[in-house]
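One structure is given here, and the rest of the page talks about it.
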Amino acid sequence: MTEAPAHSKSKRKASTNKSLEHHTLTISKPPYTYLHLRLITTSSSAQKTTLDELTAKSYLSSALTQFLGLTGSAIPIDILKTEGREVWIRTMREDGSAVVAAVGGWVRGVGGETEGEMGWRVVGRGNWLGGLVGGGGCGGVWD
1335 MTEAPAHSKS KRKASTNKSL EHHTLTISKP PYTYLHLRLI TTSSSAQKTT LDELTAKSYL
1395 SSALTQFLGL TGSAIPIDIL KTEGREVWIR TMREDGSAVV AAVGGWVRGV GGETEGEMGW
1455 RVVGRGNWLG GLVGGGGCGG VWD
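Have a look at this one:
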């Protein structure tokens, strides 16, 4: 058997003195626009009804098709929440202005000419959902 030399050289890694780098990231063009809409009516009987997701999608599609035709019907809209007569939606940032113009100018008759009309009111618009729902945070949107 051979013995290890008494004075073996230990190898140490050369310590590198790198400074820490601080990186920041600013999202200047968020991918989505968030809208808070309220359905308003002049009919007293229609004011008692509440929106569901399918009805809201139908009304939004009608507004987009009426304003932009076939191009408007192709704009993707995600319904995040409906509550009473209010709805929160998400669409692509590039389509946000077209959606606001379409829903802001949409009017539909309710139950005939004498019954009244309904339309959308844009309550809020933002690039971030948290800023749209207010200072209380966005927890209420997912309830």
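First residue of the sequence shown: 1335, per our numbering; consecutive thereafter.
Backbone N, C-alpha and C fix where the C-beta goes; we use that ideal spot for every residue, glycine too.
It should be emphasised that the depicted structure is a prediction, and the values quoted were computed from it without experimental measurement.
Cβ pair count under 8 Å reaching 3, the region 1427-1442 against the region 1362-1373: yes
Nearest residue (CA-CA) to R1459, options V1437, R1442, G1445: On the sequence shown, position 125 is the one that residue 1459 refers to. The shortest C-alpha separation from R1459 is found at V1437.
Taking the straight line between their C-alpha atoms, what separation do you get for S1362 and L1463? Counting from 1 along the sequence shown, the entry for residue 1362 is found at position 28. Counting from 1 along the sequence shown, the entry for residue 1463 is found at position 129. So the alpha carbons of these two residues sit roughly 15 Å apart.
Are the CB atoms of V1441 and G1450 nearer to each other than 8 Å? Translated into the one-based positions of the sequence shown, residue 1441 becomes position 107. Translated into the one-based positions of the sequence shown, residue 1450 becomes position 116. Against a cut-off of 8 Å, the Cβ pair of G1450 and V1441 comes out as no contact.
Starting from T1375, trace the beta strand (DSSP E) in both directions and tell me its first and last residue. Translated into the one-based positions of the sequence shown, residue 1375 becomes position 41. That run of the beta strand (DSSP E) goes 1366-1375.
Give me the residue from V1457, L1354, G1465, N1461 with the minimum Cα distance to R1419. As a first step, residue 1419 is located in the sequence shown; it is residue number 85 there, counting from the start. Of the candidates V1457, L1354, G1465, N1461, the one whose C-alpha sits nearest the C-alpha of R1419 is V1457.
Which class does D1386 belong to by DSSP, given the choice of helix, strand or coil? Within the sequence shown, the letter at position 52 stands for residue 1386. Three-state result, D1386: coil.
Along the alpha helix (DSSP H) that carries G1465, what are the first and last residues, could you check? Here the question's residue 1465 lines up with position 131 in the sequence shown. Looking at the DSSP string, the run of the alpha helix (DSSP H) that includes G1465 is 1463-1467.
Could you give the DSSP three-state label for G1438: helix, strand or coil? Locating residue 1438 in the sequence shown gives position 104, where the first residue counts as 1. Looking at G1438 - three-state DSSP - the assignment turns out to be helix.
Should D1429 be labelled buried (16 or more other beta-carbon atoms within 10 Å of its own) or exposed? If you number the sequence shown from 1, residue 1429 lands on position 95. Per the 10 Å Cβ criterion, buried.
CB of P1364 within 8 Å of CB of R1424, strictly: Taking the first residue of the sequence shown as 1, we reach residue 1364 at position 30. Taking the first residue of the sequence shown as 1, we reach residue 1424 at position 90. For P1364 and R1424, no; Cβs fall outside 8 Å.
Can you list, in chain order, the residues of its chain whose CB lies under 7 Å from that of G1439, leaving out five sequence neighbours each side? Residue mapping note: residue 1439 aligns to position 105 of the sequence shown, counting from 1. Only F1401 meet the Cβ criterion.
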